[in-house]
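Participant: Numbering (the numbering used here), first residue to last: 6 to 182.
1) On the DSSP bridge list, what partners appear for residue 33?
2) Counting along the chain, where does the beta strand (DSSP E) carrying residue 164 start and finish?
3) Tell me the DSSP secondary structure of residue 80 in three-state form.
4) Taking Cβ to Cβ, would you say residue 171 is nearer than 7 Å to residue 145?
5) Are the CB atoms of residue 18 and residue 88 nearer to each other than 7 Å?
6) Under a three-way DSSP split, which group does residue 128 fall into?
7) Could you pull out every unbroken beta strand (DSSP E) segment of at least 3 residues lying fully inside the region 88-159, listed in chain order?
8) Considering Cα atoms alone, identify which of 44, 147, 180 is closest to residue 105.
9) Can you confirm whether the region 92-107 touches the region 128-142 when touching is taken to mean that 3 or more C-beta pairs between the two stretches lie within less than 8 Å?
10) How many angstroms separate the CA atom of residue 82 from the CA atom of residue 101?
11) Go through the region 11-57 residue by residue and report every complete run of the alpha helix (DSSP H) that reaches 4 residues or more, in order.
12) Could you pull out every residue in the same chain whose Cβ sits closer than 6 Å to the Cβ of residue 132, ignoring the five residues on either side in sequence?
13) Sort out for me which residues DSSP pairs residue 85 with in a bridge.
14) Give the single residue among 14, 125, 22 whose Cα lies nearest to the Cα of residue 116.
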């Protein structure tokens, strides 16, 4: 069964294979910010994968300095055995952009592992972690045209509030009440 774990460099080969599957498309929740091109991933990230992983883990620590406009977050990886299946990030606070479009939790599942319930399970498993971080109401968003993500959010108790700039906004009570 797939489980959420703290990022670990031992998944380097599987993570890189997943990045190849994304073929440059956004990898929400992955901690790959800005340029998601395969060229950057193959050179910059793959070249020092251990540092990339250490950086992901450090993002959760309140004393870690962050680039302007970023918030502390807990990065998690969805894995099954030795296979990396996807990424999930729990943002500890919301800045203006995250409140409007990004939400507290962002996630993605590698294309070859989609439509198998992994995203729904990952979001379900992330909600108690968000609650433990003191997040009383979890904002999760998805693109208007992303029916799969919409179903994942609604399956996990997401209550639709509104849409802003092409993003559907849902609130979830992480205690399940």
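Note that beta-carbon positions come from the ideal geometry of N, C-alpha and C, so glycine has one too.
Facilitator: Once the coordinates are examined:
1) DSSP output for residue 33 lists no bridge partner at all.
2) 164-169
3) strand
4) no
5) no
6) helix
7) 88-96, 110-114, 143-148
8) 147
9) yes
10) 26 Å
11) 17-27
12) 179
13) 88
14) 22
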